[in-house]
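Okay, structure first, notes after.
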Ligand code: PRT
Ligand code: ZN
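Residue numbers (the numbering used here): 17 to 309.
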């Protein structure tokens, strides 16, 4: 029977989010985490656990059908040309969000990309960095480093860096300040362009549909509250991303109605406080485990 081969990072920032997503999609795996291969017991999917940098070429060469990789790695490999140029994003996965940024020592003279002309930049993303600056008419020397890029200015290896940032703590700890965003990235599901094998695509469709449901339900909440009947319209207008709330009567009361709504946008404390100020009471916000639309 045909099985879809999916490449996932074996260890690192994408592996936890990737495995978590697959489990929420209902996939069960037979073996422990330390294997190169994992076989899903309840869907025809085999995982190949590899380094993230290898994932684009494995998918491009046909060794795997799909892969989960950072968009930053996908785009860097695509700039290198060859087979990865034929890859496409099948689905954006909404985790491992980060930005690729240019940064320089806080106390130095480099404050904008114009100051980079003729300077040396350390990065693990040489093609993305060089092309981004070349498109803006700036020529630099690029020093490729596979890790610990943030120490390069201190070691006088480079004047500036181009590195991934999520919280910003690493830049801060190394006395660096970001001044330009080169790329905004997240984990993506990739495939080869073109039609693909029909059976593989049918399995991929199940995975994609379930993933979309998992991603959507992660920020979707179910809100229940009681609203004064005469404030109902104002309260409905405050519910974030709710298309058609259910309004039900409350036994023995005609001044109050019960409102149930699926909110597709994040629900902040400020929203709840605004609802309360309009007279809403008994406000409950519940997580949604699964969604299929
Ligand atoms: O061994 P393997 O090659 O598989 O793993 P790796 O070391 O290359 O990758 P890994 O696990 O570090 O990252 C995998 C992917 O996670 C990246 O390609 C990005 O798509 C995504 N990602 C999200 C990040 C970060 N956030 C991130 N913060 N990757 C790296 N970082 C690093 C960054 O390089 C810097 O050193 O974290 C540091 C900055 O973090 P903050 O929070 O201090 O800003
Ligand atoms: Zn890597």
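A virtual CB, placed ideally from N, CA and C, is assigned to each residue, including glycine.
C-alpha distance - residue i paired with residue j, whole-angstrom precision
i, j, result
"residue 141", "residue 103", "18 Å"
"residue 74", "residue 23", "8 Å"
"residue 99", "residue 238", "45 Å"
"residue 188", "residue 128", "18 Å"
"residue 123", "residue 198", "22 Å"
"residue 302", "residue 252", "17 Å"
"residue 82", "residue 206", "5 Å"
"residue 150", "residue 114", "23 Å"
"residue 306", "residue 230", "6 Å"
"residue 89", "residue 68", "8 Å"
"residue 196", "residue 130", "11 Å"
"residue 118", "residue 93", "19 Å"
"residue 42", "residue 76", "27 Å"
"residue 84", "residue 183", "22 Å"
"residue 186", "residue 249", "47 Å"
"residue 273", "residue 287", "19 Å"
"residue 267", "residue 80", "58 Å"
"residue 70", "residue 95", "15 Å"
Residue of the options minimising C-alpha distance to residue i
i, options, result
"residue 281", "235, 220, 275, 295", "235"
"residue 160", "151, 268, 173", "173"
"residue 163", "34, 223, 139, 255", "139"
"residue 247", "286, 291, 213, 257", "291"
"residue 64", "257, 70, 54", "54"
"residue 260", "254, 277, 245", "277"
"residue 180", "112, 241, 302", "112"
"residue 264", "244, 250, 283", "244"
"residue 33", "109, 66, 57", "109"
"residue 241", "232, 255, 25, 233", "255"
"residue 27", "184, 51, 17, 308", "51"
"residue 87", "232, 167, 193, 202", "202"
"residue 191", "166, 215, 213", "166"
"residue 212", "72, 45, 38, 106", "106"
Strand pairing of residue i, partner residues [DSSP]
i, result
"residue 262", "276"
"residue 17", "DSSP output for residue 17 lists no bridge partner at all."
"residue 247", "Bridge partners of residue 247: none, in fact."
"residue 25", "66"
"residue 303", "237"
"residue 269", "266"
"residue 45", "56"
"residue 297", "242"
> If you scan the segment 138 to 220 from start to end, which runs of the alpha helix (DSSP H) of 4 or more residues do you find wholly inside it?
Replying inline: Fully enclosed alpha helix (DSSP H) runs of 4 or longer: 142 to 150, 185 to 189.
> Which whole runs of the beta strand (DSSP E) in the segment 108 to 141 are 3 residues long or more, in chain order?
Replying inline: List check, beta strand (DSSP E) in window: 114 to 121, 136 to 139.
> Of all the beta strand (DSSP E) runs that stay within the bounds of the segment 49 to 114, which reach a length of 3 or more residues?
Replying inline: Runs of the beta strand (DSSP E) inside the segment 49 to 114: 53 to 55, 61 to 66, 82 to 86, 103 to 108.
> Whose CB is closer than 5 Å to a heavy atom of the ligand ZN? List the residues in chain order.
Replying inline: That query returns the following residues: 68, 69.
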